[in-house]
Amino acid sequence: MTATAVARKPRIASHRPGWVRRYAAPVFVIVVLLLLWELAATVAPSPFFPAPSRIFVSAWKMFFTGPPEHLFLTPLMIENGLTTLLRMLIGFALGSVVGAILGIWSGLSQLFREVTNPVVEFLRSIPASATLPLFIILLGGDDGMRIAFVAYGVLWFVLINTALGVQSIHPTQIMMGRSFRLSRLRQILSIVLPAALPQMFAGLRIALSTSLIFAIISEFMVATNGIGYELINTQARFQFLSMWSWMLLLAVIGLLANVLLELVEARVLRWHRLFRNVGNE
Amino acid sequence: MSVLNQTRPETERGRDARRARSASRAPARARRTRLVVRGVIGVLILAVIIEIVSRAGLVDPQFLPPFSSVVVQAVLLFGDLGFLGGLAATILSFLLGIAIASVLGVGLGILFGLSQTVYFAMRGVVELIRPMPPVAMIPLVILILGNGLSMKLVVVVFASVWPILFNTMYGVHAVDPAQREMARSFGKSRAAVIGRVIIPAAAPLIATGIRIASSIALIIVITVELIAGGADGLGAFIASSRASGTGVIYVYAGILIAGMLGLAVNLTMAALERRWFGWNAQTGVK
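Residue numbers (this note's numbering), protein chains in the order written: chain A, 11 to 291; chain L, 203 to 488.
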């Protein structure tokens, strides 16, 4: 026993990386990869893969050299980048609210859950992109259709995770609310929702990153603006540098969205994290 | 444990836990009958509502065909050789894509997971690349590779390799060092330690990664087929049925079949995972 303990000690310490391992090493790898790409693009230029330095410069010029009264955003950026961002965020919000409401209902009522289960399982198994033509048929080609498509696509992640979170609440907690004679709404808002929140965030995280994907997919068909439209558009015109700039913008949006949600999660679930740490140590 | 929380969606664990709990409470068979009865009732309610709304003309049947007609049409499609060819193309791209992504993801994941420094460096890189939407590269790949199988495979592999790579890295990294050292002290070679200790220990997490990747892969295959002009496959079938204007019912039938395909993939992957790794405390009954 003691031998194992001694042998394991240094390994356990290395599970908690220092700043070198946590930040310096990844940054180093990324810089090396970018340099290799740059080198390859200079030695053997290919129209398909412009050098990263040129992509960065082009993206900066395309998106962030606008007039100061527009926060330096160019008209191109406002017309397409912000449009996509809005579609993504509104769709995400809408889908999350609907998903959370249905999820809470399905978590609390066994009857509702068991009746809807096959339908929900089937609907969420449909690869969401396959339903885009249907959305176009039913809702036309405007913003409403795209927002509805994004909302539909992300709803399932929130629904499933909320339902599981609600079901995992200890019955005593809900009974306590009842014996304090809290109203049904009050019970849901102040007991069910907070208790299900950690699990809900797991769903929200997937929903946020997929909402960007679905917003882009929706702009691949019958669109007149948006990042997805611009990607197709620049492809059709063989404007590779612009195309890579849009891809870079998308990557940055994806990353920022992820970071923001993690910050929100850390703030909202502060009580939960603390609780868990105390429990572990 | 925190490692696991990051790698897998909490969904499955909760579901399995619940299943295990209720199985011990009520007789399994009675419970199953109730689930089936209620599920069938749910499906029937939905089907009847759609049928009535459509037949009574509350919504233009052009936009919402009766449920029964859609089902009949979907069955009839299986007699259409052109459609079957497209469906086969979709399934082939999906299977090949997930196979390549698995080999790549598991191979690289083991490589990155074995060394501490490499693990932390690559984890940072993977976490940076992962949130980037893979659909962004579809237009570029179409331009370079055309609209055939190789184009689909590149996009599918790029999109679905991340969960596999990520989970393999975590799984390998999380192997109890005492187990590795014990195998070493019994005189096993490094390769044998990887084959006999590390891969089996990481296998449940790898399987979860492959399952998550498979649903991503199916979405991506269909997306690519939707937007690549002239591609074949289920996505192309749905897109062209919409474009032709007359085939709304084909759009519904196509989506119904896409859903069946998705359901088949999900159920197969979940069943395999349960069968092979049901023993595992982390993926199975917890």
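Ideal Cβ placement from N, Cα and C applies to all residues, glycine included. All of these numbers come straight from a predicted model, not from anything done at the bench.
| Check | Outcome |
| --- | --- |
| Under 7 Å between the Cβ atoms of A/His282 and A/Pro181? | no |
| Against L/Leu420, what residues of chain A qualify as contacts under a CB-to-CB distance less than 7 Å, listed in chain order? | Pro137 |
| Using Cβ-Cβ distances below 8 Å, what residues of the segment 301 to 322 of chain L are close to chain A? | Gln318, Thr319 and Phe322 |
| Using a C-beta to C-beta distance shorter than 7 Å, which residues of chain L count as neighbours of A/Val129? | Gly244, Val245 and Leu248 |
| Measure the Cβ-Cβ separation of L/Ala404 and L/Val363 and say whether it is below 7 Å. | no |
| Mark L/Gly389 as exposed unless 16 or more other C-beta atoms lie within 10 angstroms of its C-beta, in which case mark it buried. | exposed |
| What residues of chain A sit near L/Ala230, judged by a beta carbon separation below 7 Å? | Under the 7 Å cutoff, chain A gives no residues; its nearest Cβ is about 15 Å from L/Ala230. |
| Measure the C-alpha to C-alpha separation of A/Ile184 and A/Val176 and round it to an integer number of angstroms. | 10 Å |
| Do A/Ser178 and L/Thr425 have their beta-carbon atoms positioned less than 7 Å apart in this structure? | no |
| Could you check how far apart the C-beta atoms of A/Gly213 and A/Ile170 are, in whole angstroms? I think they sit under 8 Å. | 7 Å |
| Pick from A/Thr126, A/Ile88 and A/Ala34: whose alpha carbon is nearest that of L/Leu246? | A/Thr126 |
| Can you give me the start and stop residues for the alpha helix (DSSP H) that L/His375 sits inside? | Leu351 to His375 |
| Hey, out of L/Arg476, L/Asn369, L/Ala338 and L/Leu465, whose CA is closest to L/Val356's CA? | L/Ala338 |
| Can you find a CB in chain L that lies within less than 7 Å of the CB of A/Ala205? | no |
| Going by alpha carbons, who is nearest to A/Gly154 out of A/Ser252, A/Gly101 and A/Ile201? | A/Gly101 |
| Please state if the CB of L/Gly307 and the CB of L/Leu367 are separated by a distance shorter than 7 Å. | yes |
| Using C-beta distances below 6 Å, list every residue in its chain close to L/Gly311, excluding the 5 sequence neighbours before and after it, in chain order. | Leu367, Thr370 and Met371 |
| Enumerate in chain order the residues of its own chain whose CB-to-CB distance from L/Met324 is below 6 Å, with the five nearest sequence positions on each side excluded. | Phe314 |
| Which value, in whole angstroms, describes the spacing of the CA atoms of A/Leu99 and A/Ser221? | 8 Å |
| If you measure between the beta carbons of L/Leu248 and A/Ser135, is that distance less than 7 Å? | no |
| Would you say A/Val107 reaches chain L, if we count a Cβ-Cβ gap shorter than 7 Å as a contact? | no |
| DSSP on L/Arg332, reduced to helix/strand/coil? | coil |
| Select from L/Trp478, L/Tyr454 and L/Phe479 the residue whose C-alpha is nearest the C-alpha of A/Pro143. | L/Tyr454 |
| I want to verify the contact list: residues of chain A whose CB lies under 7 Å from the CB of L/Arg386, in sequence order. | Within 7 Å Cβ-Cβ: nothing; L/Arg386 doesn't reach chain A, min ~11 Å. |
| Step through the CB atoms of chain L and report whether any lies within less than 7 Å of the CB of A/Leu169. | no |
| Alpha carbon to alpha carbon, how far is A/Val274 from A/Met210? Give it in angstroms, no decimals. | 13 Å |
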